[in-house]
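Okay, so here's the structure we're looking at.
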Amino acid sequence: MVQDVLKKFHEAAVSPRAQMDKYMSEGKKVVLTAPVYTPEELIHSMGFVPMGAWGADIELNRSKEYFPAFLCSIVQSILELGINGAYKGASAIVIPSLCDTLKTLGENWKYAVDDIKFIPMTYPQNRKPAYGIAFTKAGYERVIRDLEALGGKYDPAALAESIKVYNAHNAVMRRVDEVLAGHPEITAAERSDIFRSAFFMTKEEHTALVEEFLDELAKTEASGEKLGIVVSGILTDAPQLNKIFDEFGMHIVADDVAAQSRQYRTDVPEGDDPLEALAVKFAEMDNCSVLYNVKKPRVQWIVDTAKARNAKGVVVVMTKFCDPEEFDYVMIKKACEKADLPLALVEVDRQMVHFEQVRTNLETFRDMLSM
Amino acid sequence: MAEEVKKPEEVKKPRKPLDPNSAKYKLGKIASDAFATAIEAKKEGRPVAWVSSNFPVEIPETLGLATAYPENQAAGIAARGAGERMCEVAEADGYSNDICAYARISLAYAKLKECPEQDVAMPDVLLCCNNICNCMIKWYENLSQELGIPMIMLDIPFNPDYEVSDAEVAYVSGQFWDAVHQLEDLFGLKWDDDKFEKVTGFSCRASRAWLEATAQAKYTPSPFNGFDLLNHMAVMVTARGKEEAGEAMETLLKEYKENHEKGESTFRVEEKHRIMFEGIACWPYLRATSRGLKDRGINMVTTIYADAFGFDYNSFEEMIKAYCSVPNAINLEKSRDKRVKLCKDNNVEGLLVHTNRSCKLWSGFMAEMSRQIGKECNIPVTSFDGDQADPRNFSEAQYDTRVQGLCEIMESNKEAKEA
Numbered sequence: 049m050v051q052d053v054l055k056k057f058h059e060a061a062v063s064p065r066a067q068m069d070k071y072m073s074e075g076k077k078v079v080l081t082a083p084v085y086t087p088e089e090l091i092h093s094m095g096f097v098p099m100g101a102w103g104a105d106i107e108l109n110r111s112k113e114y115f116p117a118f119l120c121s122i123v124q125s126i127l128e129l130g131i132n133g134a135y136k137g138a139s140a141i142v143i144p145s146l147c148d149t150l151k152t153l154g155e156n157w158k159y160a161v162d163d164i165k166f167i168p169m170t171y172p173q174n175r176k177p178a179y180g181i182a183f184t185k186a187g188y189e190r191v192i193r194d195l196e197a198l199g200g201k202y203d204p205a206a207l208a209e210s211i212k213v214y215n216a217h218n219a220v221m222r223r224v225d226e227v228l229a230g231h232p233e234i235t236a237a238e239r240s241d242i243f244r245s246a247f248f249m250t251k252e253e254h255t256a257l258v259e260e261f262l263d264e265l266a267k268t269e270a271s272g273e274k275l276g277i278v279v280s281g282i283l284t285d286a287p288q289l290n291k292i293f294d295e296f297g298m299h300i301v302a303d304d305v306a307a308q309s310r311q312y313r314t315d316v317p318e319g320d321d322p323l324e325a326l327a328v329k330f331a332e333m334d335n336c337s338v339l340y341n342v343k344k345p346r347v348q349w350i351v352d353t354a355k356a357r358n359a360k361g362v363v364v365v366m367t368k369f370c371d372p373e374e375f376d377y378v379m380i381k382k383a384c385e386k387a388d389l390p391l392a393l394v395e396v397d398r399q400m401v402h403f404e405q406v407r408t409n410l411e412t413f414r415d416m417l418s419m
Numbered sequence: 041m042a043e044e045v046k047k048p049e050e051v052k053k054p055r056k057p058l059d060p061n062s063a064k065y066k067l068g069k070i071a072s073d074a075f076a077t078a079i080e081a082k083k084e085g086r087p088v089a090w091v092s093s094n095f096p097v098e099i100p101e102t103l104g105l106a107t108a109y110p111e112n113q114a115a116g117i118a119a120r121g122a123g124e125r126m127c128e129v130a131e132a133d134g135y136s137n138d139i140c141a142y143a144r145i146s147l148a149y150a151k152l153k154e155c156p157e158q159d160v161a162m163p164d165v166l167l168c169c170n171n172i173c174n175c176m177i178k179w180y181e182n183l184s185q186e187l188g189i190p191m192i193m194l195d196i197p198f199n200p201d202y203e204v205s206d207a208e209v210a211y212v213s214g215q216f217w218d219a220v221h222q223l224e225d226l227f228g229l230k231w232d233d234d235k236f237e238k239v240t241g242f243s244c245r246a247s248r249a250w251l252e253a254t255a256q257a258k259y260t261p262s263p264f265n266g267f268d269l270l271n272h273m274a275v276m277v278t279a280r281g282k283e284e285a286g287e288a289m290e291t292l293l294k295e296y297k298e299n300h301e302k303g304e305s306t307f308r309v310e311e312k313h314r315i316m317f318e319g320i321a322c323w324p325y326l327r328a329t330s331r332g333l334k335d336r337g338i339n340m341v342t343t344i345y346a347d348a349f350g351f352d353y354n355s356f357e358e359m360i361k362a363y364c365s366v367p368n369a370i371n372l373e374k375s376r377d378k379r380v381k382l383c384k385d386n387n388v389e390g391l392l393v394h395t396n397r398s399c400k401l402w403s404g405f406m407a408e409m410s411r412q413i414g415k416e417c418n419i420p421v422t423s424f425d426g427d428q429a430d431p432r433n434f435s436e437a438q439y440d441t442r443v444q445g446l447c448e449i450m451e452s453n454k455e456a457k458e459a
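Chains as they are written, first to last, in the working numbering: chain A, 49 to 419; chain B, 41 to 459.
Here it is in structure tokens:
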């Protein structure tokens with residue numbers, strides 16, 4: 049039954065600590081992976097369970113000793129969780145320096161959380177030329193050295209196997225995104241659970257569960273009349289946000305969300321040297337606010353995808369104080385206006401308790417789309 | 041980051057003519073010529089580049105490309121009181137007021153193409169380097185889109201390690217030559233090794249003199265008011281690769297040495313306390329922030345911000361490493377150690393930290409780092425909220441209270457020491 053599988057996604061999505069305890073009780077070591085991209089394939093191949101660390105909707109206390117208030121709440125809440133022991137038992141956290149706030153997270157982590165090792169991952173922005181690929185590879189080699197110090201073992205053959213596991217997961221996540229576009233009866237909250245749970249399960253398990261879900265869904269008839277929308281942003285897993293989408297009959301037909309589909313767009317290509325191939329994957333990644341591209345193809349990607357999926361409009365879910373997204377927003381807004389595609393902007397953060405402004409904005413947007 | 045301008049009152053008040061042989065005259069002329077030269081080049085049909093402050097100036101200077109520095113321009117606009125007006129233009133287009141105010145001012149200028157408080161030549165190409173922040177990338181991407189001109193990106197990532205790795209040197213070196221070749225192709229320019237050698241010589245000469253001049257604060261009292269550095273720094277940002285910059289900086293050094301010998305200083309009141317200032321200046325409130333210190337006899341004798349623009353090196357690899365080691369590209373430990381050295385070399389008694397709303401990177405680990413600096417140097421640390429260019433994010437009352445608190449602790453420490 050579809051609902052049975054959805055329940056499993058939900059349980060994993062809301063219980064990261066339980067998932068972590070489960071893996072540790074099986075004798076596995078957990079490595080946390082911070083936003084936005086980390087070499088999970090590599091971590092997996094060295095015998096660790098990578099678990100997404102995208103913060104939580106919690107009150108900030110101790111993290112205020114390190115961060116000023118005007119920094120992204122996702123990052124602040126990651127540090128808060130680190131300090132308050134929510135990640136206790138994890139062997140390390142891999143933090144890339146893809147935005148300015150992430151750079152400061154790593155530096156603060158070293159002093160705020162002494163029992164979980166900080167492993168930096170330095171990606172190049174000029175990632176496509178040969179010198180960029182070489183630098184990405186050097187970054188991976190540094191991660192390898194740090195993971196080896198924690199008992200991991202690097203083996204190219206194991207990495208090649210992990211790459212297959214991750215490519216398979218990418219494929220199934222792209223497939224579920226596509227299939228869900230034709231199933232308005234699957235709610236925004238359920239869709240969010242499917243994506244969010246991927247951070248807290250091994251990719252082998254998650255792939256199997258998504259495949260089971262797709263099999264079950266294929267046995268059902270799509271139903272419901274809803275307003276198709278494309279959602280764009282860093283993170284859209286707040287239960288209250290998804291509840292509002294569902295309440296107003298909005299159907300997410302595609303996403304440009306960093307914590308969702310952006311993770312799965314690019315596969316590792318085949319190659320004799322799996323580490324090199326992993327670096328090539330990063331070179332080929334694009335359409336993201338933290339990946340430099342002067343042509344900003346992401347903007348047109350949103351417009352084209354919205355049209356291809358027959359979306360009525362685009363909702364940009366802005367995580368407060370995220371300047372990479374704030375810069376891109378202006379370009380997205382212009383492109384949508386040019387394409388005659390309605391656009392709404394709602395601001396969210398990890399500490400938000402009252403969603404009334406979001407509700408009002410989306411209600412107005414719903415009314416506009418329904419006219 | 042970057043830039044340094046004349047204080048608003050210096051623009052408005054009639055002043056007695058400066059001695060053309062003085063450092064102040066020479067440095068002021070170089071700074072103002074930087075804007076005028078690019079405007080002239082544009083009129084003559086020569087290409088102009090907008091350049092981020094810590095981009096290797098050796099590239100445009102060797103190629104003979106006219107340059108303008110948006111950060112320098114934004115600071116000038118903010119200091120002359122137009123920061124809020126320009127920010128609002130960008131905000132009306134959808135830019136969040138959380139975004140760096142320099143970026144908002146610059147994007148507003150790209151739209152309006154004029155601002156009486158500081159005009160610049162419009163660019164034909166953008167030279168971006170993110171060794172100061174990744175915000176720079178997004179800002180320049182949008183400029184490129186809005187203006188329909190090419191952008192050359194020289195990526196210098198934040199270094200989580202203490203030393204610059206061989207991998208980073210190779211990566212940045214590859215980009216350096218790529219940038220050169222792209223500019224040659226775009227504008228029919230030709231790289232000249234002899235000229236490059238000359239330019240690096242000029243840059244190092246200016247840097248050495250600048251760093252030595254700022255180091256004269258080792259004397260008590262300091263032969264200069266630290267706020268002077270914020271003005272003179274403009275030359276290091278915009279013209280460090282020019283011959284005249286070295287000459288002017290050497291004049292500045294000579295004057296500071298003479299001041300010390302004569303027991304004089306450009307800090308015109310008794311120097312009761314010496315502090316390090318952390319962060320970019322609050323350009324819209326330069327006068328208020330300066331007065332708040334001066335009225336209490338506090339001299340801001342040193343700031344990492346000034347030294348950030350001194351690049352001294354002996355080889356190509358050292359040059360690349362220098363650009364990889366600017367203040368916002370290095371880890372907490374290296375950042376801390378550089379500041380601890382400044383505090384100790386210059387007998388600093390307190391640290392005043394500007395928590396700058398515009399700069400997430402600079403402010404993001406400042407709390408932990410300043411705690412460590414305070415402990416290592418045994419000095420009090422105080423912070424205040426402000427902004428480099430948006431006047432809406434600063435409260436004079438808060439600043440005054442915080443500075444007063446810092447002053448009281450420094451006084452008490454001094455009394456205890458003397459007792």
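Ideal placement from N, C-alpha and C gives every residue a C-beta, glycine not left out.
From the options, pick the residue whose C-alpha is nearest to that of residue i; which is it?
i, options, result
"B/Glu-416", "B/Glu-389, B/Ser-435 and B/Asn-433", "B/Glu-389"
"B/Val-212", "A/Phe-57, A/Tyr-171, A/Ala-359 and A/Glu-88", "A/Tyr-171"
"A/Gly-272", "A/Leu-228, A/Ala-205, A/Glu-260 and A/Asp-315", "A/Leu-228"
"B/Leu-147", "B/Ala-106, B/Trp-90 and B/Asp-195", "B/Trp-90"
"A/Val-362", "A/Pro-322, A/Glu-332, A/Val-161 and A/Ala-302", "A/Ala-302"
"B/Ala-76", "B/Lys-66, B/Gly-214 and B/Thr-107", "B/Thr-107"
"B/Leu-251", "B/Asp-352, B/Glu-101 and B/Glu-157", "B/Asp-352"
"A/Leu-212", "A/Ile-192, A/Ser-418, A/Ile-106 and A/Lys-251", "A quick correction: the sequence has Lys, not Leu, at residue 212 of chain A. Comparing Cα positions, the closest option is A/Lys-251."
"A/Met-249", "A/Ala-101, A/Asp-294, A/Pro-322 and A/Thr-412", "A/Ala-101"
"B/Ala-115", "B/Ile-360, B/Leu-270 and B/Trp-179", "B/Leu-270"
"B/Lys-238", "B/Glu-448, B/Cys-127, B/Asn-354 and B/Val-309", "B/Asn-354"
"A/Glu-209", "A/Ser-111, A/Leu-326, A/Lys-355 and A/Asn-156", "A/Leu-326"
"A/Pro-372", "A/Asp-194, A/Asp-52 and A/Val-84", "A/Val-84"
Whole-angstrom Cβ separation of residue i and residue j, contact assumed at under 8 Å?
i, j, result
"B/Cys-322", "B/Phe-434", "6 Å"
"B/Phe-424", "B/Gln-412", "Their Cβ separation, rounded to whole angstroms, is 20 Å, which puts B/Phe-424 and B/Gln-412 out of contact at 8 Å."
Excluding the 5 residues preceding and the 5 following residue i in the sequence, name in chain order all residues of the same chain whose CB lies nearer than 6 Å to its CB.
i, result
"A/Leu-108", "Gln-124 and Glu-128"
"A/Leu-265", "Val-50"
"B/Leu-183", "Ala-150 and Leu-166"
"B/Cys-140", "Cys-175 and Ser-398"
"A/Arg-222", "Tyr-312"
"B/Asn-453", "none"
"B/Glu-436", "Ala-328"
"A/Lys-77", "Phe-96 and Ser-139"
"B/Glu-458", "none"
"B/Ile-79", "Ala-161"
What residues in its chain sit with their C-beta under 7 Å from that of residue i, if we drop five residues either side in the sequence?
i, result
"A/Val-62", "none"
"B/Ile-419", "Cys-383, Val-388, Glu-389, Gly-390 and Leu-391"
"A/Ile-292", "Phe-403, Val-406, Arg-407 and Leu-410"
Looking at the ligand ADP, does it come within less than 7 Å of residue i, judged from the CB to the closest heavy atom?
i, result
"A/Val-328", "The ligand ADP is not part of the structure shown, which contains no ligands of any sort."
Using C-beta distances below 8 Å, list every residue in its chain close to residue i, excluding the 5 sequence neighbours before and after it, in chain order.
i, result
"A/Lys-368", "Cys-120, Ser-121, Glu-395, Val-396 and Asp-397"
"A/Pro-345", "Asp-334 and Asn-335"
"A/Arg-357", "Ala-229, Gly-276, Val-278, Val-301 and Ala-302"
"A/Asn-174", "Gly-180 and Tyr-340"
"B/Lys-82", "Val-88, Ala-106, Ala-161 and Met-162"
message: Does the structure place the segment 259-272 of chain B close enough to the segment 334-342 of chain B that three or more beta carbon pairs sit under 8 Å?
response: Flag = yes, the segment 334-342 of chain B and the segment 259-272 of chain B touch.
- request: Only counting runs of 4 or more residues, tell me where the alpha helix (DSSP H) segments fall wholly within the segment 303-374 of chain A, in order along the chain.
  value: For the segment 303-374 of chain A, the continuous alpha helix (DSSP H) assignments of 4+ residues that do not extend past its boundaries occur at 322-332 and 345-356, in sequence order.
query: Is the segment 68-78 of chain A close to the segment 112-122 of chain A, with three or more CB pairs under 8 Å?
result: Because the criterion of three Cβ pairs below 8 Å is not met, the segment 68-78 of chain A and the segment 112-122 of chain A do not touch.
message: When you compare the segment 161-170 of chain B with the segment 190-207 of chain B, are there three or more beta-carbon pairs, one atom per stretch, that lie closer than 8 Å?
response: Yes: the two stretches touch, three or more of their Cβ pairs being nearer than 8 Å.
- prompt: Does the segment 304-324 of chain A come within contact of the segment 57-65 of chain B, defined as at least 3 CB pairs closer than 8 Å?
  reply: Output reads no: the segment 57-65 of chain B does not touch the segment 304-324 of chain A.
query: How about the segment 285-304 of chain B and the segment 239-248 of chain B: do they share at least three Cβ pairs that are nearer than 8 Å?
result: The segment 285-304 of chain B, when compared against the segment 239-248 of chain B, does touch it at the 8 Å Cβ threshold.
task: Please list the segments of the beta strand (DSSP E) lying wholly inside the segment 64-136 of chain B, counting only runs of 3 or more residues, in order along the chain.
output: 88-91 and 106-108, all fully within the segment 64-136 of chain B.
- prompt: For the 8 Å Cβ check, are there 3 or more pairs between the segment 212-229 of chain B and the segment 194-212 of chain A?
  reply: No, because fewer than three Cβ pairs between the segment 212-229 of chain B and the segment 194-212 of chain A fall closer than 8 Å, the two stretches do not touch.
- request: Would you be able to state if there are at least three C-beta pairs under 8 Å between the segment 93-100 of chain B and the segment 288-306 of chain B?
  value: The answer is no - the segment 93-100 of chain B does not touch the segment 288-306 of chain B, with fewer than three Cβ pairs under 8 Å.
- request: Enumerate, from N- to C-terminal direction, the unbroken alpha helix (DSSP H) stretches of 4 or more residues contained entirely within the segment 84-123 of chain A.
  value: Counting whole runs of 4 or more residues, the segment 84-123 of chain A contains the alpha helix (DSSP H) stretches 88-93.
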